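Remarks on the structure that follows.
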Amino acid sequence: MRHLLSIEDLDRDEIERILSAAAFFADVADRPIKKVPSFRGRLVINLFYEASTRTRSSFELAAKRLSADVLNVVASGSSVEKGESLHDTVSTLSAYGPDVIVIRSPHAGAPGLVAGWTHAAVVNAGDGKHQHPTQALLDVYVLRQRLGSLEGCDIWIVGDVLHSRVARSCVQAFIKMGAEVTVAGPPTLVPTELAALGCNVRHTLEHIGEADVVYALRLQQERMSEDFLPSLREYAANYQLNSRRLKARQLVMHPGPVNRGVEISGELIDSSQSLIIEQVRAGIVVRMAVLVEVLSGTRVRDPGGQRLAVSAEPQLA
Amino acid sequence: MSSLFAAPRPPAELLLREAHVLDPRSDLDEPRDVLVRNGVIAEIAAAGSLEASEGVEVIDGAGKHLFPAFVDPHVHLRSPGEEHKEDLDTGTRAAAAGGYCAIVAMPNTTPVIDHPMLLRGLIASAKEQAHVRVGFMAAISVGLAGEQLTEMAQLRDAGALGFTDDGKPVSSAGLLRRALQYQQLCGGVIALHEEDATLSGAGVMHEGAVSAALGLAGIPAISESTMIARDGLIAGHEGGRVHFQHLSARGSVEALVQARARGARVSAEVSPHHLLLTEEAVRTLDTRFKMNPPLRGEDDRAALIAALRDGTIECVATDHAPHSRDEKTVPFEAAPMGTTGLETAFAALYTGLVLPGTLTLACLVERLTAGAALFELETPTVAVDSEANLCLVDLEASWRVGESGYESRSANCCFGGQELRSRTLLTLAGGQVCYRERSFALSAA
Numbered sequence: 445m446r447h448l449l450s451i452e453d454l455d456r457d458e459i460e461r462i463l464s465a466a467a468f469f470a471d472v473a474d475r476p477i478k479k480v481p482s483f484r485g486r487l488v489i490n491l492f493y494e495a496s497t498r499t500r501s502s503f504e505l506a507a508k509r510l511s512a513d514v515l516n517v518v519a520s521g522s523s524v525e526k527g528e529s530l531h532d533t534v535s536t537l538s539a540y541g542p543d544v545i546v547i548r549s550p551h552a553g554a555p556g557l558v559a560g561w562t563h564a565a566v567v568n569a570g571d572g573k574h575q576h577p578t579q580a581l582l583d584v585y586v587l588r589q590r591l592g593s594l595e596g597c598d599i600w601i602v603g604d605v606l607h608s609r610v611a612r613s614c615v616q617a618f619i620k621m622g623a624e625v626t627v628a629g630p631p632t633l634v635p636t637e638l639a640a641l642g643c644n645v646r647h648t649l650e651h652i653g654e655a656d657v658v659y660a661l662r663l664q665q666e667r668m669s670e671d672f673l674p675s676l677r678e679y680a681a682n683y684q685l686n687s688r689r690l691k692a693r694q695l696v697m698h699p700g701p702v703n704r705g706v707e708i709s710g711e712l713i714d715s716s717q718s719l720i721i722e723q724v725r726a727g728i729v730v731r732m733a734v735l736v737e738v739l740s741g742t743r744v745r746d747p748g749g750q751r752l753a754v755s756a757e758p759q760l761a
Numbered sequence: 016m017s018s019l020f021a022a023p024r025p026p027a028e029l030l031l032r033e034a035h036v037l038d039p040r041s042d043l044d045e046p047r048d049v050l051v052r053n054g055v056i057a058e059i060a061a062a063g064s065l066e067a068s069e070g071v072e073v074i075d076g077a078g079k080h081l082f083p084a085f086v087d088p089h090v091h092l093r094s095p096g097e098e099h100k101e102d103l104d105t106g107t108r109a110a111a112a113g114g115y116c117a118i119v120a121m122p123n124t125t126p127v128i129d130h131p132m133l134l135r136g137l138i139a140s141a142k143e144q145a146h147v148r149v150g151f152m153a154a155i156s157v158g159l160a161g162e163q164l165t166e167m168a169q170l171r172d173a174g175a176l177g178f179t180d181d182g183k184p185v186s187s188a189g190l191l192r193r194a195l196q197y198q199q200l201c202g203g204v205i206a207l208h209e210e211d212a213t214l215s216g217a218g219v220m221h222e223g224a225v226s227a228a229l230g231l232a233g234i235p236a237i238s239e240s241t242m243i244a245r246d247g248l249i250a251g252h253e254g255g256r257v258h259f260q261h262l263s264a265r266g267s268v269e270a271l272v273q274a275r276a277r278g279a280r281v282s283a284e285v286s287p288h289h290l291l292l293t294e295e296a297v298r299t300l301d302t303r304f305k306m307n308p309p310l311r312g313e314d315d316r317a318a319l320i321a322a323l324r325d326g327t328i329e330c331v332a333t334d335h336a337p338h339s340r341d342e343k344t345v346p347f348e349a350a351p352m353g354t355t356g357l358e359t360a361f362a363a364l365y366t367g368l369v370l371p372g373t374l375t376l377a378c379l380v381e382r383l384t385a386g387a388a389l390f391e392l393e394t395p396t397v398a399v400d401s402e403a404n405l406c407l408v409d410l411e412a413s414w415r416v417g418e419s420g421y422e423s424r425s426a427n428c429c430f431g432g433q434e435l436r437s438r439t440l441l442t443l444a445g446g447q448v449c450y451r452e453r454s455f456a457l458s459a460a
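Note that the protein sequences, when read in sequence, are chains A and B. For the first sequence, my numbering begins at 445 and goes up steadily by one. For the second sequence, my numbering begins at 16 and goes up steadily by one.
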């Protein structure tokens, strides 16, 4: 794999390959020295045009654990604020010879453009409301750790699906791994056209008891000023995930950051059925695996396709 | 006062020999010799029967087609203010290369053409630079702000062909009504870009399955159709003359039919990209497919084709909207709306609709020239004593769009890279030769 732009570009085998590499790195994370030398001398640039805490910090940590040099470029305080175009910024940064550019952009398709302008491998860390493939991969990773397999698993994604890149990526990834996916929420935020993604569309939580996993999405305050919702109070009354609506056997996920008491209740977040902290933890190892995967796609690509975990391993000793 | 303007050039002296002449309005559909003297069609005779006299260039048209040249009621020439995208020179070169003899320029320039003095300046420039004749629309509202009417009567006196806030809708029904009342005094077509801003919001493409999958904000088809329904009623009530620009949706065609059935004097245009492409093209996130109104669904496309074929939609307009490379080399959501179209309209529609048998060649030529009458201009025709407004086309030639560049200053063509059939070889506008295809010019010399 040369770049990671969208879950759409991956088949099930590729997803499994990345996840088994992630499992390998999870073992490393349990050791006293958490670093591997795989990326020594390599340069990873994090180019972030949107605020981000966990995605940016986990990409940074992932690169550092691989012993790469990391350069963080954020929109505020950089030439981006002075009106430089994406193209010119990428050309400039490419002159530093990066091996990987990790980009987050408010615009759908920006990572694909960047891939056409640089020799570096490009990883999409979220583009507009389009895709957030590493989030979906880490969510699949967490579920596989817990359930073994997603085959036949019933997963509900609840909330502002319309404006969610996480939802789009997760629907595609969960379906690729054999799950049955339902998106649910008010009609203004869950249009029926979403069925084109291959999922079921529901506007009430009446049947949420059928779900094995319930994935809550963050509800942005600005949706009210745009008339998508009359009030957060009413939204919470109809769609909040809490222990009254969910049974104890149902697993709960959330990409963060959480609005406690809005899309999900505090007690559910802190309950044993919540996988939220596991998601954060998985973020580092899955992103390590993605970085190794895209670099193996450019430099040490093995025709057999099974090379990646191996290519990192021999250097461990 | 004439309402079309171009730079003066010597009148053509040409004998076009043995070209297949097709003029849908005169039932002419066979090989003929056409003699142009002093810019006027002097004689139309049996193929091979005319001899050239001295000073008359002979052009071998055997195997080629000769049509009345096309008229485009909707282009953006970007002058004044955005000459890095296009100007009167390059825009009219593009028109000539596409077989057009007359085009109508929109007033959403910088500054907006909302004052007689600005219009006079623009007309003066056209008289120096334009290769084909250009008519200029003036704004309905000052600054396109939708609040205050322009000095419509004075703008008409200064040469405005009609009025439009194109690029933006006239959101206020009250303001549109006043404009239509004023139209009784000053005349001039009122052309409307129909869009309800509260429905399109921050949309960047058609709202549907593709926008849902890509996570792009959608512009629903009702954004256009509801406004056509509203303005059809207002036009009918005032007895005004209204032209609906760039229809994109089935619901809009239905609203047009209803308005007409109630007696409103309404006409409509459709653009080649809406006839040939759908929202599926946007999956690539290629900014050349970002336009307003957006590319819609296959069902909408079918309705537009049917409406063009049966004459419900009278004419084709390119909505030629040039943007510079830098402006379009950005993510889809950040890109400006618009595609160029003048150089590709006939070839794209011939390839996409005529060759598969969806539309007859005569119908296409009729729809590419019908914009003239709708805007109170003389319709180009292949007839003796008519001014020579002609285009010679090789229907057998094929070319890859953009492979040898564009006459337009901009390259944001939604058909770029496509292999198209038919090539314009020669265009005469207002009795003057305004375009020769390079290789053809050499072989003809």
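Even glycine gets a Cβ: it sits at the ideal position worked out from N, Cα and C. This one's a predicted model, so the numbers in the text were calculated from it and none came from an experiment.
Just by C-beta distance, which residues in the segment 573-585 of chain A are closer than 8 Å to chain B?
573, 574 and 575
Here's a check: name, in chain order, each residue in its chain whose Cβ is nearer than 7 Å to the Cβ of residue 498 of chain A, leaving out the five neighbours to either side.
700, 724 and 727
Starting from residue 223 of chain B, find everything on chain A with Cβ-Cβ shorter than 8 Å and list it in chain order.
637
Which residues mark the beginning and the end of the alpha helix (DSSP H) in which residue 268 of chain B is found?
265-276
Compare the C-alpha of residue 651 of chain A against each of A:638, A:694, A:677 and A:465 and name the closest.
A:694
Just mark residue 711 of chain A as buried or exposed, buried being the case when its beta carbon has 16 or more other beta carbons within 10 Å.
exposed
Minimum C-alpha distance to residue 102 of chain B - residue among B:61, B:146, B:86 and B:132
B:146
Any beta-carbon of chain B closer than 7 Å to the one on residue 609 of chain A?
yes
Give me, in chain order, the residues of the same chain whose beta-carbon lies closer than 6 Å to that of residue 452 of chain B; leave out the 5 immediate sequence neighbours on both sides.
440
7 Å Cβ cutoff met for residue 19 of chain B and residue 202 of chain B:
no
Decide if residue 748 of chain A is buried, meaning its Cβ has at least 16 other Cβ atoms within 10 Å, or exposed.
Below a pLDDT of 50, predicted positions are generally treated as unreliable, and residue 748 of chain A, at 37, falls in that range; the measurement from the model is reported next regardless. Looking at its Cβ environment, which holds fewer than 16 other Cβ atoms inside 10 Å, residue 748 of chain A is exposed.
In this structure, does DSSP put residue 38 of chain B in helix, strand or coil?
strand
Distance, residue 389 of chain B Cα to residue 259 of chain B Cα:
11 Å
Burial state of residue 504 of chain A, where buried means 16 or more other Cβ atoms lie within 10 Å:
buried
Which residue or residues does DSSP assign as beta-bridge partners of residue 282 of chain B?
B:258
Can you say whether residue 682 of chain A is buried or exposed, counting buried as having 16 or more other CB atoms within 10 angstroms of its CB?
exposed
Kindly list, in the order they appear in chain A, the residues whose Cβ is closer than 9 Å to that of residue 341 of chain B.
529 and 531
Start and end of the beta strand (DSSP E) containing residue 555 of chain A?
That residue, residue 555 of chain A, is in no beta strand (DSSP E); its alpha helix (DSSP H) goes 554-561.
Check this for me: beta carbons of residue 425 of chain B and residue 355 of chain B, under 7 Å apart or not?
yes
Along chain A, which residues have their Cβ under 9 Å away from the Cβ of residue 351 of chain B?
Within chain A, no residue comes near residue 351 of chain B; the closest Cβ sits about 14 Å away, beyond 9 Å.
Report the three-state DSSP secondary structure of residue 745 of chain A (helix, strand or coil).
Confidence in residue 745 of chain A is poor, its pLDDT being 37 and thus under 50, which makes the residue's placement unreliable; the coordinate value appears in the next sentence. Residue state, collapsed to three classes: coil.
Do you know how far the Cα of residue 576 of chain A is from the Cα of residue 610 of chain A?
5 Å
Identify each residue in the segment 231-252 of chain B for which the Cβ-Cβ distance to at least one residue of chain A is less than 9 Å, and report them in chain order.
231, 232 and 233
CB residue 657 of chain A to CB residue 628 of chain A, shorter than 7 Å?
no
Under 7 Å between C-beta atoms of residue 501 of chain A and residue 479 of chain A:
no
Residue-level contact to chain B via CB, residue 698 of chain A, 7 Å cutoff:
no
Give a yes or no on contact between the segment 54-74 of chain B and the segment 285-300 of chain B, applying the rule of three or more CB pairs nearer than 8 Å.
no
Through-space distance from residue 199 of chain B to residue 256 of chain B, alpha-carbon basis
9 Å
From this set, B:186, B:284, B:141 and B:174, which residue's C-alpha is nearest residue 163 of chain B's C-alpha?
B:186
When you compare the CB of residue 537 of chain A with every CB in chain B, is at least one pair closer than 7 Å?
no
Give me the Cβ distance between residue 333 of chain B and residue 362 of chain B, rounded to the nearest whole Å; I'm assuming they're in contact under 8 Å.
With a Cβ gap of about 12 Å, residue 333 of chain B and residue 362 of chain B do not count as contacting.
Contact list for the segment 552-565 of chain A against chain B, Cβ threshold 8 Å
552, 553, 554, 556 and 557
At the level of alpha carbons, what is the spacing between residue 176 of chain B and residue 159 of chain B?
17 Å
Does the distance from the C-beta atom of residue 55 of chain B to that of residue 335 of chain B stay below 7 Å?
no
According to DSSP, residue 169 of chain B sits in a beta bridge with which residue or residues?
According to DSSP, which records beta bridges pairwise, residue 169 of chain B is partnered with nothing at all.
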